[in-house]
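>
2 protein chains.
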Amino acid sequence: LTRFIVETPEINGDTFVLVGEDAKHCNVLRLNVGDKVVICDGNGMDYQCIIENVSKSLVHLQIVNKVVCENEPFVNYSIYCAFPKGDKAEHIIQKVTELGAGSIYFFPSKYCVAKYNADNLTKKRERWQKIAREAAQQSQRGVVPTVDTFESFAEAIKHCAGSELSVFCYENESSTTINDVRNNAKTVSIITGSEGGFSEEEVEYARSSGCKIVTLGKRILRCETAPPAVLAAFTIGGL
Amino acid sequence: LTRFIVETPEINGDTFVLVGEDAKHCNVLRLNVGDKVVICDGNGMDYQCIIENVSKSLVHLQIVNKVVCENEPFVNYSIYCAFPKGDKAEHIIQKVTELGAGSIYFFPSKYCVAKYNADNLTKKRERWQKIAREAAQQSQRGVVPTVDTFESFAEAIKHCAGSELSVFCYENESSTTINDVRNNAKTVSIITGSEGGFSEEEVEYARSSGCKIVTLGKRILRCETAPPAVLAAFTIGGL
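Chains as they are written, first to last, in my numbering: chain A, 11 to 249; chain B, 11 to 249.
(1) If you draw a straight line from the C-alpha of B:Gly-30 to the C-alpha of B:Ser-67, how long is it?
(2) What are the boundary residues of the alpha helix (DSSP H) that A:Gly-30 is part of?
(3) Taking the straight line between their C-alpha atoms, what separation do you get for B:Ser-113 and B:Thr-197?
(4) Could you check whether the Cβ of A:Ser-176 sits closer than 8 Å to any Cβ belonging to chain B?
(5) Would you call the region 13-23 of chain A in contact with the region 44-61 of chain A, where contact means no fewer than 3 C-beta pairs closer than 8 Å?
(6) Tell me, please, whether the CB atom of A:Ile-188 is closer than 8 Å to any CB atom in chain B?
(7) Under 8 Å, with one C-beta from each stretch per pair, do the region 145-164 of chain B and the region 234-243 of chain B reach the 3-pair mark?
(8) Between A:Val-240 and chain B, is any beta-carbon pair separated by less than 8 Å?
(9) Secondary structure at B:Asp-129, three-state DSSP: helix, strand or coil?
(10) With a threshold of 6 Å on Cβ separation, who are the neighbours of A:Ser-219 within its own chain once the five nearest residues in sequence on each side are excluded?
(11) Please name the residue, chosen from B:Ile-60, B:Gln-147 and B:Ala-33, that lies closest to B:Asp-45 on a Cα-to-Cα basis.
(12) Contact defined as beta carbons within less than 8 Å: I believe A:Ala-124 pairs with A:Lys-95. What is the distance between those atoms, to the nearest angstrom?
(13) If you follow the alpha helix (DSSP H) that B:Lys-76 is in, where does it begin and where does it stop?
(14) Check the Cβ of A:Glu-214 against every Cβ in chain B and list those closer than 9 Å, keeping chain order.
(15) Contact criterion: CB-CB distance below 8 Å. Does B:Arg-151 meet it with respect to chain A?
(16) Residues of chain A with CB closer than 7 Å to the CB of B:Asn-81, please, in chain order.
(17) Out of B:Glu-165, B:Lys-222 and B:Glu-108, point me to the one whose CA is closest to B:Pro-118's CA.
(18) Terminal residues of the continuous beta strand (DSSP E) containing A:Val-157?
(19) Quick one: is B:Thr-245 buried, meaning 16 or more other Cβ sit within 10 Å of its Cβ, or exposed?
(20) If you run the structure through DSSP and keep just helix, strand and coil, what is A:Cys-91?
(21) Does the beta carbon of B:Gly-52 sit closer than 8 Å to a beta carbon anywhere in chain A?
(22) Can you confirm whether A:Lys-46, when its beta carbon is compared against all beta carbons of chain B, has any partner nearer than 8 Å?
(23) Taking C-beta pairs closer than 7 Å, name the residues in chain B that A:Glu-108 reaches, listed in chain order.
(24) Shortest alpha-carbon distance to B:Cys-179 belongs to which of B:Trp-138, B:Gly-227 and B:Val-43?
(25) Hey, quick one: how far does the alpha helix (DSSP H) through B:Asn-190 stretch, first residue to last?
(26) Could you work out which residues of chain A lie near B:Ala-142, taking near to mean beta carbons separated by less than 9 Å?
(27) So, with DSSP's three-state summary, where would you put A:Gln-58?
(28) Between A:Gly-247 and B:Gly-247, which are expected to be in contact by the criterion C-beta below 8 Å, what is the C-beta distance as a whole number of angstroms?
(29) Rounded C-beta distance between B:Ser-209 and B:Lys-120? I'm assuming under 8 Å.
(30) For the region 16-45 of chain B, which residues have a CB atom closer than 7 Å to at least one CB atom of chain A, in sequence order?
(31) For A:Ser-149, count neighbouring C-beta atoms within 10 Å of its own C-beta (all shown protein chains included) and say buried if the count is 16 or more, exposed if not.
(32) Which residue comes first and which comes last in the alpha helix (DSSP H) that contains B:Ile-21?
(33) Within a Cβ cutoff of 6 Å, which residues of the same chain sit near A:Lys-98, ignoring the five residues on either side of it in sequence?
(34) Here's the rule: buried if 16 or more other CB atoms are within 10 angstroms of the residue's CB, otherwise exposed. What is A:Glu-174?
(35) Going along chain A in order, which residues have a C-beta closer than 7 Å to the C-beta of B:Thr-245?
(36) Establish whether the CB of A:Leu-11 and some CB of chain B are separated by less than 8 Å.
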């Protein structure tokens, strides 16, 4: 079934109208009156629909059923990444969305070389949210992860403390692995560094805030490789 | 310590000369006589060296010790991917190399849309091998994975049969997970599809050849996301 994560989060009553790109997509797929589609609010709910009318710019739907989307993981995973250089944030957002992230955060850290400021962040956040939406739709998820930023390392770590398990990935940790700390937590935070890694002070701050400091093995992962790899270790390695 | 995976696989006697990019890199890092570096044959052996002489194009080394590189996984992972479109193969090669792949293979399958032929494959293989080398060096590995291709799906599956465990990832499999089939195998093959996925006939052929058909969960992964995700589930999720 064709599935649309709709831009308007409010789906009320028993009808809905697809517009813009979604309406165009219906036309491209030659969907017609009587065909079934699913619309999703991006917040975990799927609505099974039947097409009532199709024009080039509008597709009218009759909602016939509302169900919880079955494609979401049972654990809520939050990804925290130190600001990476270039367009690596986009790569991270796309990959961790496919792999089931619930939220994605970026934050500054001591060895970050990428320059982010309030001006360029507003535009970037918009683009990042769009990438999350597209990746969620493509991977048939029911939730579009929120993408947001923190103004400091300390703020990000403070926010992690709300999770039942916070996994802080550090290349100089040599013994504790993800399997050593994996438990039945229903909320898991995964924290990874930028190209320059973390400072010892940052690691100690994270440790004293309750984060579990873990190694990802002896090979050094690029900063954009680590977040999807760790999430996959949980969501695919833990299935 | 600065580490070079050298292009010439034969390292004999107690001296070695770095040339080309490697010599340039020594100059950039301002390495000097008496400094220590490690050279690696890309085949699992590390050679601890002391610099004897530096010029712009040549760096003479004295080899003082030969040790097995400690950064390699204990399991030999082979990655088999149906030919993907565009430059996705490059992305796959870089990521699975970082995550510890021993060999990387591409093969045609029924629903592949990418067009590969003997002419463009020769050039591509060269470029792919270069990407594997760079990723191996960057991630401080001791082995440069070999990158190669098969002429048919059947040939690729036949080759997998040499592994103790072959994991065939299929989006229509709903119950068997990686954890269900994970064992103490020392040679593991991971097989993933192209954008179009696999045909039922291909899945049955793989099953009858001894492959374990597994699900990667309810979210649909892009064809370039799956290989590193599955490898991470083994190498990071299994640590």
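Ideal placement from N, C-alpha and C gives every residue a C-beta, glycine not left out. Owing to the predicted nature of the structure, the values given are computational and were not obtained by experimental measurement.
Taking the coordinates as given:
(1) About 6 Å.
(2) 30-38 is the span of the alpha helix (DSSP H), which, as asked, contains A:Gly-30.
(3) Going by C-alpha positions, B:Ser-113 is about 11 Å away from B:Thr-197.
(4) When Cβ-Cβ separations below 8 Å define contact, A:Ser-176 makes no contact with chain B.
(5) With the cut-off at 8 Å, the region 13-23 of chain A and the region 44-61 of chain A touch.
(6) At least one chain B Cβ lies under 8 Å of A:Ile-188.
(7) Look at the beta carbons and you see the region 145-164 of chain B not touching the region 234-243 of chain B: under three pairs across the two are nearer than 8 Å.
(8) For A:Val-240, the closest Cβ of chain B is nearer than 8 Å.
(9) Three-state result, B:Asp-129: helix.
(10) Cβ contact annotation for A:Ser-219 (same chain, cutoff 6 Å, sequence separation greater than five): Ile-167 and Ala-171, in chain order.
(11) The option with the nearest alpha carbon to B:Asp-45 is B:Ile-60.
(12) At roughly 5 Å, the Cβ-Cβ gap stays under 8 Å, so A:Ala-124 and A:Lys-95 are in contact.
(13) B:Lys-76: not part of any alpha helix (DSSP H); member of the beta strand (DSSP E) spanning 69-78, first to last residue.
(14) Below the 9 Å Cβ cutoff, chain B contributes no neighbours of A:Glu-214, its closest Cβ being approximately 23 Å away.
(15) Yes - at least one Cβ of chain A is within 8 Å of the one on B:Arg-151.
(16) Scanning chain A for C-beta atoms nearer than 7 Å to the C-beta of B:Asn-81 yields Lys-228 and Arg-229, reported in chain order.
(17) The residue with the shortest Cα to Cα distance from B:Pro-118 is B:Glu-165.
(18) If you look at A:Val-157, you'll find it in the beta strand (DSSP E) that goes 156-159.
(19) Within 10 angstroms of the beta-carbon of B:Thr-245 lie 16 or more other beta-carbons, which makes it buried.
(20) Three-state result, A:Cys-91: strand.
(21) So, not an interface residue.
(22) Contact with chain B is absent for A:Lys-46, since none of that chain's Cβ atoms lies less than 8 Å from the residue's Cβ.
(23) Within chain B, Arg-229, Leu-231, Arg-232 and Thr-235 have C-beta atoms less than 7 Å from the C-beta of A:Glu-108, given in sequence order.
(24) Out of B:Trp-138, B:Gly-227 and B:Val-43, B:Gly-227 has the C-alpha closest to the C-alpha of B:Cys-179.
(25) Residue 190 of chain B is actually Asp in this sequence, not Asn. Segment 188-191, the alpha helix (DSSP H) holding B:Asp-190.
(26) Result: empty, since nearest Cβ-Cβ is about 13 Å, beyond 9 Å.
(27) If DSSP states are grouped into helix, strand and coil, A:Gln-58 belongs with the strands.
(28) So it is a contact: roughly 2 Å between Cβ atoms.
(29) With a Cβ gap of about 4 Å, B:Ser-209 and B:Lys-120 count as contacting.
(30) Listed by position along the chain: nothing, the set is empty.
(31) A:Ser-149 should be labelled buried.
(32) First-last for B:Ile-21: undefined, no H or E at that position.
(33) These residues qualify, in order along the chain: Glu-234.
(34) A residue is called buried once 16 or more other Cβ atoms fall within 10 Å of its Cβ, and A:Glu-174, having fewer, is exposed.
(35) The contacting residues are Gly-227.
(36) Cβ-Cβ to chain B under 8 Å: no for A:Leu-11.
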